[in-house]
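Numbering (our numbering), first residue to last: 137 to 307.
Take a look at the structure set out below.
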């Protein structure tokens, strides 16, 4: 397993990578500061970096598939802009500190955590559960109308705003 070496680095002269939030099968998630954010826009963002080497060294066909799927994810996020779906703010290709080329997507940062953490620490009332469920259903219905199927709805992919009143579907 080869992790990207991007912490404490700057991507594309714009994003200062601060810390790693986690890793999935083929992606690493980082919090970063956007040094070129428009005035009034949040400067904290999330960098989702494709790392095709997290599992094992892929063959050429798997590598092409992973890159295509990652690029399709960015396109899908743009197609389904909705108040309850995470926003893509940018994308790019960069080289980490070890010389590994990787693709990345810049997403809005939602500091309220995810539904798994919230429900573990604060059992939700039926009213609050329905409140959040309505938001998730609204986002999913919109995505389906746009021809996008999520395929991985789970509490960890339901992120909350800082005030924990708005939920957004991610990943």
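Each residue gets a CB set at the ideal place from its N, CA and C atoms; glycine is no exception.
In chain order, 278, 279, 282 and 284 place their CB closer than 7 Å to the CB of residue 216, counting only its own chain and leaving out the 5 sequence neighbours on each side. When DSSP assignments are scanned along the stretch 181-245, the uninterrupted stretches of beta strand (DSSP E) that are 3 or more residues long and fall wholly within it turn out to be 224-231 and 237-244. When 218, 303 and 211 are compared, the shortest CA-CA separation from residue 240 is found for 211. By the beta-carbon neighbour count (other beta carbons within 10 angstroms, threshold 16), residue 187 is buried. Under the Cβ criterion (8 Å, minimum of three pairs), the stretch 154-174 does not count as touching the stretch 249-257.
Taking the Cα of residue 246 as reference, the smallest distance to any Cα among 145, 197 and 300 is reached at 300. Within 10 angstroms of the beta-carbon of residue 296 lie 16 or more other beta-carbons, which makes it buried. Looking from the CA of residue 166, the closest CA among 175, 271 and 145 belongs to 145.
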